[in-house]
Amino acid sequence: MAQIAADSERTAPVAVASANPAPLGLCGFALTTFVLSSINAGWFPAGATTIIIGLALFYGGIAQLLAGMWEFKAGNTFGATAFTSYGAFWLSLGVVFVPGSGILAGMPASALPQALGLFLLAWTIFTGLMFLGTFKSNIALIAVFGFLFVTFLLLTIGELGPSTGAHQWGGYFGVITAILAWYTALSGILTSTKSPFQLPVFPLS
Numbered sequence: 108m109a110q111i112a113a114d115s116e117r118t119a120p121v122a123v124a125s126a127n128p129a130p131l132g133l134c135g136f137a138l139t140t141f142v143l144s145s146i147n148a149g150w151f152p153a154g155a156t157t158i159i160i161g162l163a164l165f166y167g168g169i170a171q172l173l174a175g176m177w178e179f180k181a182g183n184t185f186g187a188t189a190f191t192s193y194g195a196f197w198l199s200l201g202v203v204f205v206p207g208s209g210i211l212a213g214m215p216a217s218a219l220p221q222a223l224g225l226f227l228l229a230w231t232i233f234t235g236l237m238f239l240g241t242f243k244s245n246i247a248l249i250a251v252f253g254f255l256f257v258t259f260l261l262l263t264i265g266e267l268g269p270s271t272g273a274h275q276w277g278g279y280f281g282v283i284t285a286i287l288a289w290y291t292a293l294s295g296i297l298t299s300t301k302s303p304f305q306l307p308v309f310p311l312s
């Protein structure tokens, strides 16, 4: 009987610790947002926008989508919804500008600002809803989604207005959003590595 118990202990499955997917999702979001927002802010030529395609499809898109799936497994509804959704946002935006996709070719040039404006308006509404979901989390996450909401709102106004000023300010706020997302991601990475240097996120609950 003792031998059976010992064998059972040896063959029992060992629980494997899962890594926190949030820093990956936040970094994918932050880097892609930073590059596009820098262009929107006017720091780089508007023609450089095509450089965002690779980032939007792979880092902002696929990497974030995977982070969202892993958040589902971890039981984090907010993280799963946010990362999966914004991963899909970057994938869908990237595909629009992929040469040969036919999306831009099949649309009159005069209709593009209105179409992008509608696209961004929908994401502004969604981000507002997600912003409400951060109020019991921490100050860092609240700041990320608060600035992201303003970013989307300004970019929407910039396209529907149209308003060059609003579009440029959307770029500025996007850069701040990216920096806040990087900060929050680094905080999670430092915590997971038990680093002696920690970044506070100021939890509310």
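Residue numbers (the numbering used here): 108 to 312.
Even for Gly, the Cβ is constructed at its ideal location relative to N, Cα and C.
Source: prediction; values computed, not measured.
query	result
Leu-129 to Glu-178 span [Cα, whole Å]	Sequence inspection shows Ala at residue 129; the Leu mentioned does not correspond to that position. Whole-angstrom Cα-Cα distance: 8 Å.
Neighbourhood of Ala-137 by C-beta distance below 7 Å, restricted to the same chain and skipping five residues each side	Ala-285, Ala-288, Trp-289, Ala-292
Euclidean distance between Cα positions of Gly-277 and Ala-153	14 Å
Alpha-carbon to alpha-carbon, Tyr-193 and Thr-258	14 Å
Length of the line joining the Cα atoms of Leu-228 and Leu-255	13 Å
Option in Val-203, Val-282, Lys-301 with minimal Cα separation from Ser-144	Val-282
Nearest-angstrom Cβ-Cβ length linking Ala-187 and Gly-175, presumed shorter than 8 Å	5 Å
Between the CA atoms of Gly-182 and Ser-115 - distance to the nearest angstrom	Note that Ser-115 scores 42 on pLDDT, short of 50, meaning its location in the model is unreliable; the coordinates nonetheless yield the value given after this. Each residue's alpha carbon lies about 30 Å from the other.
With 16 other Cβ atoms within 10 Å as the buried cut-off, status of Asn-147	buried
Three-state secondary structure assigned by DSSP to Asn-245	strand
Per-residue DSSP class, three states only, for Pro-128	coil
Burial state of Phe-190 (16 or more Cβ within 10 Å)	buried
Which of helix, strand or coil DSSP assigns to Pro-206	coil
Close Cβ partners of Ser-208 (< 7 Å) along its chain, the five nearest in sequence each way excluded	Val-202
Distance CB(Phe-204)-CB(Ile-232) smaller than 8 Å	no
For Pro-269, the nearest candidate out of Leu-236, Lys-301, Val-308, Gly-224 (CA to CA)	Gly-224
For Pro-220, the three-state DSSP class (helix, strand or coil)	helix
Rounded separation between Pro-307 and Ala-126 - CA only	20 Å
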